[in-house]
Amino acid sequence: MRAGSWVLAIVVAAVLCGGPAAAQKSGGILRLYHRDSPASLSVLEEGSISVAVPSMGIFNSLVAFDQHVKQNSLKSIVPDLAESWS
């Protein structure tokens, strides 16, 4: 019983010590740190994951998965740059 009281006291103290989250400012610079230093962001010249992941937000794909479908399947593929396929 004594250990349960200590755990409860610690949980209550942790909840009461937390302050409100500060509102984020709009604008500014988003800095993301990456584990590697690729030579370039050319996905044609550099074939590693160190180039593919940071450049995903820069380059469009031929197709993409529909973000409104809960599970990715062949039926949830939607065109991005592609106009048609067979």
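Take the sequence shown: its letters are residues 36 to 121, numbered as in my numbering. Note that CB positions come from ideal geometry on N, CA and C, so glycine has one too. Nothing here was measured: the structure is a model prediction, and the numbers come from that model.
Item	Value
Rounded to the nearest angstrom, how far is the Cβ of L76 from that of V86, given a contact under 8 Å?	6 Å
Apart from the five residues just before and just after F100, which ones in its own chain have a Cβ nearer than 8 Å to its Cβ?	N107, S111, I112, V113
Skipping 5 residues on each side, what residues in its chain have a beta carbon closer than 7 Å to that of N95?	D115, L116
Would you mind giving the Cβ-Cβ distance between P89 and H69, rounded to the nearest angstrom? I have them listed as a contact below 8 Å.	6 Å
Could you please give the first and the last residue of the uninterrupted alpha helix (DSSP H) stretch that includes A48?	37 to 52
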